[in-house]
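Chains as they are written, first to last, in the numbering used here: chain A, 1 to 579; chain B, 1001 to 1244. A quick write-up on the structure given underneath.
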Amino acid sequence: MSEQSISDFTRIETDVLIIGAGGAGLRAAIEASDNGAKVVVLSKSLLGKAHTVMAEGGVAASLGNVDSKDNWGIHFADTVVEGVHLGDWRLAEINAKEAPDRIYELEKYGAMFDRTPDGRILQRAFGAHTYRRLCHVGDKTGLEMIRTLEDQVLHRDIKVHDETVVTKIFKKDGRAVGALAFEMRTGKFMAIKSKAVILATGGGGRLFKVTSNSWESTGDGFALAFDAGATLMDMEMVQFHPTGMVYPPGVRGMLVTEGVRGEGGILLNSKGERFMKTYSPNKMELDARDVVARSIYNEIQEGRGTEHGGVYLQIHHKGAKFILDKLPGMHSQFLEFAGVDITKENMEVAPTTHYYMGGIKIDPEDNQTTLPGLFACGEAATGLHGANRLGGNSLIDLLVFGRRTGQSAAKYTKDAQPADVSENDIIEEISRVTGFLNKPSAVNPYELINELRDTMSKYAGIRRTEENLTTALDILLKIKGRYSEIGVAGNVRFNPGLIACFELHSLLTTGELLLRGAIQRKESRGAHFRSDYPKMSEEFKRNITWHMEGNEVKSSFSTMPELPPEMVKIVGQVEGHTQ
Amino acid sequence: MSGNEYEFTIKRKDDHGKVSYSDYSVPKDRISTVFEGLLYIKENLDQTLSMRYSCTMEICGSCAVEVNGKPKMACSTIASSLKTDKIRVEPIRHFDVIKDLVVDLDSFFDKYRKGLPYIIREDYGDYSSELLQTPEQFQKYEQYSMCIKCGLCMAACPIVGTDEDYLGPASLTAVLRYNLDSRDEGGKYRLEAIGTEEGTSRCHYAGECSEVCPKGVDPSSAIQKLRWQVFKHEISGLIRGRRK
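Here's what the structure looks like:
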């Protein structure tokens, strides 16, 4: 049995508790602290290792350094149009308007960027952005962002507990008032009492077998929020990035940045045809991600794929010097992992699970969820990207809304009184956690996780049908039925199997809402493609939301506010020439 | 090299500090990297195996381990490239082991922070434009900015092993990265922070750090350049002192 007593826990008190230390969580921490709040950050991985480091191609902001015609309005319109009008226009407006300031701020924090000859931040082309808009440093933009934000956090008075797993959000009188967590290193439990809680937990790419996401992306924030009674939305909207590696098997899904296409890369099928000519003659390889991903998928399905089940991505025509300068990370990634020299040979690529457009529903003005005191930002939140996310819009989302969330949470704490969580509630949760340990004849959580991943990949990927989705939901509910049987050996201290028990719960919640949403949405829109309903339907120009009532999962439809007339005009500029 | 399985031997350390070695057979057709081997063991053979990993594409720097006696990233070490079926995996050296392959990196991050790894300026200006920096100015420090804080250089450095106060290759390289950044005015603070016994003077230029760095940062050359900066700073300090 566990060596520690369940009544052995530390109480921590703070104004703002931030769960997650990726770009959004760190940016929120900086801002909440600068607004006078006492801040505690909890992170499942080591500080500085969050999934944000894996972002490669760039961060979108209409600086107009390369294309001087760019402005916030065009960025806004691109976001709304490519989100197929499912997103919240107000979030898109805030994002586009505040983006340039957030980039200048990050630059002054010390982030490095590739530069124009006259010393300004260089911007590259990306799919479905009207102008060259992505600020970048080679193909390691996310790493540079995390490093910069981490350094800013470290020289502020912000307490970070890394390698710490949160298992529950505490509520009192209908608002979030703290959380229970355990620190992996010591195996010690912490009961955190806070006036506000921010979820910045990222997405859930690991629900699928083939994904570009880090191993931490298991939908933890979705489940924490949902269990606490907050509303989730658009959970069926999962982005498949067009280009992940396909070979060797161990690297399948690993991201191949859109920057390759942004810098002139072309896609070829096994016959050597540049097939995007057929699917998107105007934008070609730089059409929106959903379009390019489906085109690649289709080529492979129709037998024009490569030997390992992908298509070719070619950049060697740009020459070795150009590639080593612009895409050094891609060059070493392919050389090291696949033994392919991209300055001479083609890459093999296929779509990979990349991003959750759906997530926790928030108020666009303050990022508060439907549960008072609980805030969400970054990939954990939803509404900015609609049915399809533009490349580079996630990294800027982290900065813009991380900052705004830090601000509004700090403001909220000025009036909110801290509420005590009873010792009973704490001990009840601790015994739930330790209950997974050393059960006789327990089921291995990894076995169920792998079964779930296989199921989702097989039935709920790029191409969906009623039949497949229903099959997947049946299997998922059976796995869910076995959840109470799982268990692991050992104790709380650095026990990966124990963490897997919680991750399985997060993945089950995420997967169930994804499948139920995908079954309900009888149309094709953005990233959600139903081959039995291949057309977009006006009836579904609305969002599917989810919340818990008692123990029951409830869904309803909600509609986003209409675009005001002045915004219709702005959107019209872009929509005019994309259709 | 002819069998169907890799024989993994993993150094373990339990909660009571007891050290042991565990052996596992991993089918060759199930894995390509050492990380995948560890994951296979954890998911199928022994759920209690503790290790760190996150991105598994050599960008987060979490999975530094010693493979057959050499510090490496588990995720980017191709098993077949080791030219043997016997794969011994141990925690990296020069750090306290928390459990199994997981080491305590606090000392590393503390040393890293000592070098003030951020832009320092009198005036940052407002947020309506960027600080200008030409591509040539950018290239001066670009290579030294590639560090992923994995700790391999610290594990390889013979001085870190014998002198626990030595700041080490990663921290000193970060100092140079910021000192070479044309936007920065904080060089003298950094040189003062590191221009001590624990700084550049300890380095013997063994060069092991540069050999193991997975990102080609070349900390060894960074420390040489930094030592020159420290020297110039000290000389100018002496001259200033004499003029007083």
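For glycine and all other residues, C-beta sits at the position ideal for the given N, C-alpha and C. Only a predicted model underlies this, so the values are computations on that prediction, with no experimental measurement involved.
Run through the DSSP bridge pairs and tell me what residue i is partnered with.
i	result
residue 238 of chain A	A/356
residue 232 of chain A	A/360, A/546
residue 1033 of chain B	B/1078
residue 486 of chain A	A/443
residue 1071 of chain B	B/1066
Classify residue i as helix, strand or coil using the three-state DSSP reduction.
i	result
residue 1154 of chain B	helix
residue 15 of chain A	strand
residue 180 of chain A	strand
residue 575 of chain A	helix
residue 1003 of chain B	coil
residue 1127 of chain B	coil
residue 583 of chain A	Absent from the structure is residue 583 of chain A, since the part of chain A shown begins at 1 and ends at 579.
residue 410 of chain A	helix
residue 351 of chain A	strand
residue 328 of chain A	helix
residue 247 of chain A	coil
residue 382 of chain A	strand
residue 528 of chain A	strand
residue 1231 of chain B	helix
residue 113 of chain A	coil
residue 1093 of chain B	coil
residue 403 of chain A	helix
residue 293 of chain A	helix
residue 161 of chain A	strand
residue 558 of chain A	strand
residue 135 of chain A	strand
residue 1241 of chain B	helix
Pick from the options: whose alpha carbon is nearest that of residue i?
i	options	result
residue 563 of chain A	A/37, A/422, A/93	A/93
residue 245 of chain A	A/202, A/212, A/219	A/212
residue 304 of chain A	A/22, A/9, A/268	A/268
residue 382 of chain A	A/136, A/199, A/6	A/199
residue 380 of chain A	A/14, A/21, A/7	A/21
residue 481 of chain A	A/500, A/509, A/40, A/462	A/509
residue 1116 of chain B	B/1102, B/1187, B/1050	B/1187
residue 1025 of chain B	B/1208, B/1144, B/1034, B/1017	B/1034
residue 27 of chain A	A/41, A/237, A/15	A/41
residue 17 of chain A	A/43, A/275, A/226, A/299	A/43
residue 386 of chain A	A/59, A/54, A/36, A/90	A/90
residue 1165 of chain B	B/1177, B/1130, B/1142, B/1201	B/1201
residue 398 of chain A	A/429, A/487, A/50, A/11	A/50
residue 1056 of chain B	A/104, A/251, A/326	A/251
residue 403 of chain A	A/79, A/10, A/31	A/31
Say whether chain A places a C-beta atom closer than 8 Å to the C-beta of residue i.
i	result
residue 1239 of chain B	no
residue 1097 of chain B	no
residue 1143 of chain B	no
residue 1130 of chain B	yes
residue 1092 of chain B	no
residue 1043 of chain B	yes
residue 1134 of chain B	yes
residue 1202 of chain B	no
residue 1006 of chain B	no
residue 1103 of chain B	no
residue 1085 of chain B	no
Distance cutoff 8 Å, beta carbons only. Does residue i sit that close to anything in chain B?
i	result
residue 489 of chain A	yes
residue 53 of chain A	yes
residue 119 of chain A	yes
residue 454 of chain A	no
residue 214 of chain A	yes
residue 662 of chain A	No answer is possible for residue 662 of chain A: the residues shown for chain A start at 1 and end at 579.
residue 154 of chain A	yes
residue 578 of chain A	Residue placement at residue 578 of chain A cannot be trusted, given a pLDDT of 47 that sits under 50; the coordinates are not used to answer.
residue 105 of chain A	yes
Contact residues within the segment 1010 to 1037 of chain B, judged by C-beta distance below 7 Å to chain A: 1015, 1031, 1032, 1033, 1036
Members of the segment 1167 to 1197 of chain B that neighbour chain A once the beta carbon cut-off is set at 7 Å: none
Interfacial residues, the segment 1156 to 1167 of chain B to chain A, with Cβ spacing under 8 Å: none
Residues within the segment 239 to 259 of chain A neighbouring chain B, beta-carbon criterion of under 8 Å: 248, 249, 250, 251, 254, 255
Short-range partners of chain A found in the segment 1038 to 1069 of chain B, where Cβ spacing is below 8 Å: 1042, 1043, 1044, 1047, 1048, 1049, 1050, 1051, 1052, 1053, 1054, 1055, 1056, 1057, 1058, 1059, 1060, 1061, 1062
Members of the segment 1199 to 1231 of chain B near chain A, C-beta cut-off 7 Å: none
Under 7 Å (Cβ pairs) to chain B, residues found in the segment 25 to 49 of chain A: 45, 46, 48, 49
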